[in-house]
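Novice: Encoded as structure tokens, here's the structure I'll be asking about.
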Amino acid sequence: MEIFSVRSSQSLLFKNNPNNAKNSKTTDIQIETRAPAPASFHIEGNVDKGPDFTAVSPGQLRNYARQSFDCGLIDQNTYAAISEPLPMHAMDPLGNLIDLSSVTDGTSFNFLDYYRNQLQIAMSIGDPHEVQTLKSVVNFLDG
Numbered sequence: 086m087e088i089f090s091v092r093s094s095q096s097l098l099f100k101n102n103p104n105n106a107k108n109s110k111t112t113d114i115q116i117e118t119r120a121p122a123p124a125s126f127h128i129e130g131n132v133d134k135g136p137d138f139t140a141v142s143p144g145q146l147r148n149y150a151r152q153s154f155d156c157g158l159i160d161q162n163t164y165a166a167i168s169e170p171l172p173m174h175a176m177d178p179l180g181n182l183i184d185l186s187s188v189t190d191g192t193s194f195n196f197l198d199y200y201r202n203q204l205q206i207a208m209s210i211g212d213p214h215e216v217q218t219l220k221s222v223v224n225f226l227d228g
């Protein structure tokens with residue numbers, strides 16, 4: 086009497102043995118293949134061309150910024166500035182109050198104009214650290 090271990094049952098010698106071929110259950114096994122889950126936001130090989138930052142949701146912008154930060158395209162300060170949530174209200178360069186309370190993660194927003202306006206305000210106030218950060222954000226979004 087021969088004794089086979091569980092491990093040897095999958096070996097080629099066991100499968101090829103004519104006495105054991107009819108007992109092999111490997112022919113009944115089927116592997117189901119599924120389509121890969123679509124990425125919510127993906128950077129292609131061509132990183133020079135980004136999404137349209139004049140109509141992108143805050144969630145998409147954060148995802149794109151995170152991938153760019155991971156690839157080394159932007160620094161930590163730029164990534165942190167982009168990842169911050171939008172304020173409820175902001176000022177434009179003319180001093181008008183802009184209501185941003187309706188902008189959610191699912192709504193499109195013109196981030197390029199928003200950050201350009203914030204850069205212009207920071208340059209008029211004269212905060213060099215804020216100006217440098219906003220310049221890098223605008224350069225990143227301007228592509």
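So the sequence shown is numbered by the working numbering: it starts at 86 and just counts up by one.
By construction, the Cβ of each residue, glycine as well, lies at the ideal position given by its N, Cα and C atoms.
Since the structure is predicted, the reported quantities are computational estimates derived from the model, not experimental observations.
1) Please report the residue range of the alpha helix (DSSP H) in which Leu219 lies.
2) What residue does the beta strand (DSSP E) around Ala175 start on, and which one ends it?
3) Can you tell me the Cβ-Cβ gap for Pro170 and Tyr149, rounded? I've got them flagged as a contact below 8 Å.
4) Does the Cβ of Leu219 have 16 or more other Cβ atoms within 10 Å, making it buried, or fewer, making it exposed?
5) Mind the definition here: the stretch 206 to 222 touches the stretch 153 to 165 only if three or more C-beta pairs lie below 8 Å; say whether that holds.
6) Do Phe225 and Val141 have their C-beta atoms within less than 8 Å of each other?
7) Which one or two residues does DSSP pair with Ile183 in a beta bridge?
8) Please classify Gln145 as buried or exposed, where buried requires at least 16 neighbouring CB atoms within 10 angstroms.
9) Is Phe196 helix, strand or coil by DSSP?
Specialist: To lay it out plainly:
1) Pro213 to Asp227
2) His174 to Met176
3) Contact between Pro170 and Tyr149 does not hold, since their C-beta atoms are separated by about 16 Å, which reaches or exceeds 8 Å.
4) buried
5) yes
6) no
7) Paired residue(s): Ala175.
8) Buried, since its Cβ has 16 or more Cβ neighbours within 10 Å.
9) DSSP places Phe196 in helix when its eight states are reduced to three.
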